[in-house]
Amino acid sequence: MPEMHTTTAPHGSARRFREGCRSRSACPHSGSERYLTCAEAYTAAAGRADLAALPDTTRLPRGDAPAETVRSEAALVHGTPFGFRRGCAHPLDCPHFDTALPTCLEAQRAYRSGYRRRRADGRIEHGSWRGYVAGCRDEQRCVEIQGGGLSCAEHRRRRRRRLARERGVVERAQLLDAGDCVRAIGRLVREGHSLRALAPRLGVGSSTLSRLLVAADRGDAARATAPTLTRMRAALADLTVEATADSAPAESAPARRGAGAAVLADGRLAG
Numbered sequence: 043m044p045e046m047h048t049t050t051a052p053h054g055s056a057r058r059f060r061e062g063c064r065s066r067s068a069c070p071h072s073g074s075e076r077y078l079t080c081a082e083a084y085t086a087a088a089g090r091a092d093l094a095a096l097p098d099t100t101r102l103p104r105g106d107a108p109a110e111t112v113r114s115e116a117a118l119v120h121g122t123p124f125g126f127r128r129g130c131a132h133p134l135d136c137p138h139f140d141t142a143l144p145t146c147l148e149a150q151r152a153y154r155s156g157y158r159r160r161r162a163d164g165r166i167e168h169g170s171w172r173g174y175v176a177g178c179r180d181e182q183r184c185v186e187i188q189g190g191g192l193s194c195a196e197h198r199r200r201r202r203r204r205l206a207r208e209r210g211v212v213e214r215a216q217l218l219d220a221g222d223c224v225r226a227i228g229r230l231v232r233e234g235h236s237l238r239a240l241a242p243r244l245g246v247g248s249s250t251l252s253r254l255l256v257a258a259d260r261g262d263a264a265r266a267t268a269p270t271l272t273r274m275r276a277a278l279a280d281l282t283v284e285a286t287a288d289s290a291p292a293e294s295a296p297a298r299r300g301a302g303a304a305v306l307a308d309g310r311l312a313g
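Sequential numbering from 43 applies to the sequence shown in my numbering.
This is the structure:
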């Protein structure tokens, strides 16, 4: 089998350009004040004899080239696990290689080693979103919630909502338990009311009512937004009052007829 080619030339050298780093914007040295990009290094080595005499793996300094502003993103990324995930996986490519600072690869290795050690020791930072990521998913078994605090899952939910607000994402409406409304709607359906007739009275669509009833039949939690629950509860209260008012005369009519017949019978007997 042919041996796999391993890149050894750092970014900012002529050889790395020949090995495939052709884009100036994609090169890690794009925007760097210290080193040329691979494309710039290849062009400079081809046009200057003193640079061409150097080994083609030499990282060429920018020198008298116009200085460019270092991107704040690059300054924050390198030397961190995030920089490794962004593509800085080779120690020679990292700008920290010539300094005392850790490279992205070293930072990633230290992070993974510490993560494995914490998982092996069973130490979880309860009461934080990191605890959820580390494996504390059951809210009822979280150590923090047993002490009266917020669970790891709740901390994660709040963090996700905060990050969504910072990005300008509209927060989804919170769903609440609609079990009382589902039971009342079920009674009306058994009495002969159709969902299509009930929907406009309750201020919702018939598909919403059907979804709630199906969820209850399956044993799932029937949930709806707070405004929907407010409309349905008010409408169901009105329907209950109307049903009570309609049923009262129907039930009392036979009693009144029976009472009248008894009076007549008594009258006849008395007569």
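For glycine and all other residues, C-beta sits at the position ideal for the given N, C-alpha and C.
- Counting along the chain, the unbroken alpha helix (DSSP H) around residue 237 starts and ends at 237-244.
- By the criterion of at least three beta-carbon pairs nearer than 8 Å, the segment 222-234 is in contact with the segment 263-280.
- Of all alpha-carbon atoms in 138, 102, 76, the one lying nearest the alpha-carbon of residue 87 is that of 102.
- Residue 169 and residue 71 have their C-alpha atoms roughly 41 Å apart.
- By the Cβ criterion, the segment 199-206 is not in contact with the segment 241-254, since fewer than three pairs of Cβ atoms, one from each stretch, lie closer than 8 Å.
- Taking a C-beta distance under 8 Å as the contact criterion, residue 258 and residue 218 do not qualify as a contact pair.
- Spanning the alpha carbons of residue 143 and residue 121 requires a straight line of approximately 7 Å.
- DSSP, read as helix, strand or coil, puts residue 282 in helix.
- For residue 250, the enclosing alpha helix (DSSP H) begins and ends at 248-260.
- The C-alpha of residue 255 is placed about 10 Å away from the C-alpha of residue 220.
- Within the segment 85-110, the complete alpha helix (DSSP H) segments of 4 residues or longer fall at 91-94, listed in chain order.
- In the displayed model, residue 270 falls within a helix according to three-state DSSP.
- Proximity of the segment 167-181 to the segment 130-144 falls short of the contact definition, fewer than three beta-carbon pairs being nearer than 8 Å.
- Under the Cβ criterion (8 Å, minimum of three pairs), the segment 74-91 counts as touching the segment 56-66.
- Here residue 218 carries a strand assignment [DSSP, helix/strand/coil].
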